[in-house]
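Only one structure is covered here, and it is reproduced in the block below.
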Amino acid sequence: METDRKDGRTPNQLRPLKCSRNILHRAHGSASWSQGETKVLAAVYGPKAGTKKNEDPEKACIEVIWKPKTGQIGKAEKECEMIMKKTIQSICLLTINPNTTTSVIVQVVNDDGALLPCAINAACAALVDAGIPLKHLAVAICCCVAEEGSVVLDPTKLEEQQMRGFAYLVFPNSALSALPEGSYLVNGEPLEHGIITSVTHGVMSVDEYLKCVDRGRAACAKLSGFLRNSLQKSQFPSDTSSKAA
Amino acid sequence: PSITLISAPEASMDSRLANTWRPTVNEKKFIETALASNLRIDDYNRKPIEYRQLTINFGRQLVQPYRERPNEGTMSIFTEFSPMADPSFELGSPGEAAIELGRMIDRGLRGSRAVDMESLCVLAGKLVWAIRIDLHILDNGGNLIDAANVAALAALLTFRRPECSLGGENGQEVVVHPPEVKDPLPLIVHHLPIAVTFGFFSTENTMVLDPTHSEEAVMAGRMTVTVNASGGICAIQKAGGVGVPQREIMRCLRLASQRAGLITKTIKDAVEVFNKERASRKIKRHSTSVAATVSVEDGITSLREGPHRQEKSNSNAEQTSEDSDSDVVTMQEKLSSEDVKPPTLLTDLAEPEEQQTSRVKKTTKDAVKSKKARTRGERRRAPT
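Protein chains in written order, with our numbering: chain G, 9 to 253; chain D, 449 to 832.
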């Protein structure tokens with residue numbers, strides 16, 4: 009029942025992740041995130057004075073600019089921008105700096121599947137690097153549904169095209185706190201069970217979608233552990249041990 | 449003394465004005481007095497920190513050649529100042545700075561005939577290869593022209609085009625071979641024109657090489673000289689600015705040709721390293737991928753932690769770019785004493801980090817060993 013993937017991963021296995029922060033000099037915050045061959049670079053500038061025309065001046069405004077690797081900016085890029093903007097808006101504390109604009113610029117360096125989740129992860133790390141106030145972080149993952157109904161995580165571009173359908177899911181990251189467990193429950197469920205964003209392509213049944221959500225959630229728990237580690241470690245520039253084997 | 453940048457406060461609602469950054473009066477004075485006391489002269493101590501992302505469009509097409517040059521291929525350069533490079537870069541059609549940059553690099557490459565255009569001809573008068581160079585500026589630390597030029601050259605040197613052969617009844621049909629079938633061919637590059645930029649200041653005969661962003665904001669004139677390693681001048685551009693005595697110009701030219709030799713060597717070394725890696729990657733690609741032992745508990749995915757890079761503090765506004773520790777490209781780390789850093793190529797951004805995965809710490813929580821992606825093919829543990 010488990011499908012054999014071209015690069016030999018099991019259906020539950022993610023590609024190797026890499027995250028680096030503070031790579032650009034001019035940007036207030038920057039991060040690069042890669043999952044396997046897919047790599048995205050995100051830069052954050054902000055907060056800058058003033059909001060755009062149709063935005064609410066009582067809140068901070070988020071602007072997302074998506075730059076594809078080559079080619080003109082078209083509708084697909086605009087859609088990605090909109091999805092990212094809504095996702096980021098839900099994790100930012102918008103009332104802290106009203107009447108300001110924070111720009112998130114996403115540059116696609118290489119696209120080998122799961123591009124939007126990679127971009128969301130990169131943007132999140134960049135926002136942390138810039139010091140933008142956030143409620144919590146977001147971790148994103150792509151789950152796809154194979155022909156026979158099994159769920160495969162983190163597809164490559166080839167796999168994405170061959171699968172029957174796939175879903176990009178964004179969850180809040182798992183919280184680590186000194187407070188007792190009960191305080192982070194929302195309606196009785198832990199915070200990280202909620203879905204911030206879900207975008208699906210292709211055909212899948214409701215059961216398959218729920219399976220995707222379950223798998224995605226488990227994977228995101230791991231991802232948020234990785235993210236936390238990566239963000240914490242980078243604070244100590246003298247720490248050379250992180251590069252050692 | 450460290451200097452904090454204070455952006456000029458703008459009361460207007462125009463967000464664009466809020467993006468411009470003008471150095472405060474104090475800064476200007478500091479830079480000028482520092483320069484006057486020879487604090488930084490003739491010191492090509494570093495290339496500006498950023499890296500340019502450069503793509504050579506792999507969908508390069510066969511197109512009709514220009515009428516007056518039916519035997520040559522075409523090359524076009526597109527420059528894009530990404531808003532991530534600088535808060536003052538706006539999205540949209542390139543402004544005059546971007547266009548000037550593109551034109552200067554274009555002139556250096558095309559006018560000096562650095563790339564052999566005739567080898568790009570497939571069918572005289574009918575089909576030639578058109579190459580397109582996309583320059584994406586990721587980070588503006590000053591002196592974009594030099595860095596973009598180096599990026600373009602490095603990309604051209606590492607570019608491979610597919611081989612095509614003529615066939616068909618009357619030899620008019622062209623078959624393009626995909627890279628798996630036949631090895632793609634490199635471009636023929638005769639020489640490497642290197643751009644070297646000088647900045648002039650209004651305080652008597654102060655000249656700097658490779659101005660940083662802050663220096664650019666303060667300087668009174670600039671000159672870009674494009675030379676190749678054998679000392680031939682490909683282009684000189686000095687558009688306005690403060691007048692410079694002849695002696696100074698000659699001195700600049702001499703300095704530039706010295707620098708060009710060093711930079712050419714750096715580029716060639718880096719390209720060689722890249723080519724070796726690419727060749728070794730290709731060989732490994734054909735070998736069967738080795739599955740490391742993977743134990744997966746149901747529902748839990750295996751994960752490999754990426755290397756955590758040293759992050760340099762970006763607090764120093766003067767942009768002294770001794771940032772050798774946090775470069776993304778290991779290629780640059782391999783460069784020895786030379787502080788000149790070639791910008792990363794698009795393909796490179798993916799690669800060097802892969803090299804680092806061999807030095808990765810794994811999450812010790814589970815006994816799960818994750819496996820490398822197929823393309824890397826490094827075998828760290830063979831299955832027993």
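In this text, a Cβ means the ideal position worked out from N, Cα and C, and glycines have one as well.
Residue-level contact to chain D via CB, residue i, 7 angstroms cutoff
i	result
Thr78/G	yes
Leu235/G	no
Arg34/G	yes
Lys165/G	no
Lys61/G	no
Ala51/G	yes
Ile113/G	yes
Ile73/G	yes
Arg13/G	no
Proximity to residue i [Cα-Cα], best of the options
i	options	result
Phe174/G	Glu89/G, Ala154/G and Pro76/G	Ala154/G
Ser678/D	Ile525/D, Gly590/D, Ala708/D and Gly689/D	Ala708/D
Thr522/D	Lys713/D, Val576/D and Glu538/D	Val576/D
Ala50/G	Ala133/G, Arg13/G and Leu101/G	Ala133/G
Cys611/D	Pro634/D, Ala704/D and Asp587/D	This sequence places Glu at residue 611/D; Cys is not what is there. Ranking Pro634/D, Ala704/D and Asp587/D by Cα distance to Glu611/D puts Pro634/D first.
Arg566/D	Gly540/D, Ile579/D, Arg555/D and Gly556/D	As written in the sequence, residue 566/D is Glu, which differs from the Arg given in the question. If we check each option's Cα against that of Glu566/D, Ile579/D comes out closest.
Ala131/G	Ser213/G, Tyr53/G and Ala68/G	Tyr53/G
Cys151/G	Leu142/G, Leu161/G, Leu101/G and Gly157/G	Leu161/G
Ile81/G	Val114/G, Thr95/G, Thr108/G and Ile31/G	Val114/G
Ser650/D	Gly691/D, Ser536/D, Pro641/D and Leu557/D	Gly691/D
Leu703/D	Ala718/D, Val675/D, Lys713/D and Arg726/D	Val675/D
Ile636/D	His661/D, Ala562/D and Ser530/D	Ala562/D
Lys60/G	Gln240/G, Ser182/G, Asn107/G and Glu45/G	Asn107/G
Leu557/D	Ser524/D, Ser613/D and Leu701/D	Ser524/D
His639/D	Arg551/D, Leu592/D, Ile711/D and Met655/D	Ile711/D
Ala599/D	Leu571/D, Asp554/D, Leu568/D and Lys574/D	Asp554/D
Asn588/D	Phe537/D, Ile547/D and Ala572/D	Phe537/D
Glu520/D	His661/D, Ala572/D and Lys686/D	Ala572/D
Coil, strand or helix - residue i by DSSP
i	result
Glu71/G	strand
Met667/D	coil
Leu231/G	helix
Arg726/D	helix
Ser560/D	coil
Glu548/D	helix
Gln80/G	coil
Glu872/D	Look at the range of chain D in this structure, 449 to 832, and you will see that residue 872/D is not part of it.
Arg172/G	coil
Met90/G	helix
Gln115/G	strand
Val776/D	With a pLDDT of 32 at Val776/D, under the threshold of 50, the modelled position of that residue is not reliable, and the figure given next carries that caveat. The answer is coil: DSSP assigns Val776/D none of H, G, I, E or B.
Arg609/D	strand
Asp64/G	coil
Gly521/D	coil
Thr110/G	strand
Gln43/G	strand
Leu101/G	coil
Glu54/G	Note that residue 54/G is Gly in the sequence shown here, rather than Glu. If DSSP states are grouped into helix, strand and coil, Gly54/G belongs with the strands.
Thr651/D	coil
Arg29/G	strand
Ile96/G	helix
Proximity test, Cβ basis, 7 angstroms: residue i and chain G
i	result
Gly550/D	no
Asp631/D	no
Asp582/D	yes
Asp534/D	yes
Ser530/D	yes
Leu539/D	yes
Asp658/D	no
Gly543/D	no
Contact under 7 angstroms by Cβ, residue i with residue j
i	j	result
Ile581/D	Ala533/D	no
Pro163/G	Gly121/G	yes
Ile149/G	Ala227/G	yes
Gly37/G	Asp137/G	yes
Pro412/D	Ile73/G	Past the boundaries of the shown model lies residue 412/D; chain D is included only from 449 to 832, so the question cannot be answered.
Val48/G	Cys126/G	yes
Gly590/D	Pro659/D	yes
Ala668/D	Phe646/D	no
Val159/G	Arg236/G	no
Ile128/G	Val178/G	yes
As an exercise, report each continuous beta strand (DSSP E) stretch of at least 3 residues that is fully enclosed by the region 119-169 of chain G, in chain order.
146-153 and 159-161
For a minimum of 4 consecutive residues, which ranges assigned as the alpha helix (DSSP H) are wholly contained in the region 656-713 of chain D?
661-666
Can you give, in chain order, each stretch of the beta strand (DSSP E) that sits fully within the region 571-596 of chain D and has at least 3 residues?
575-585
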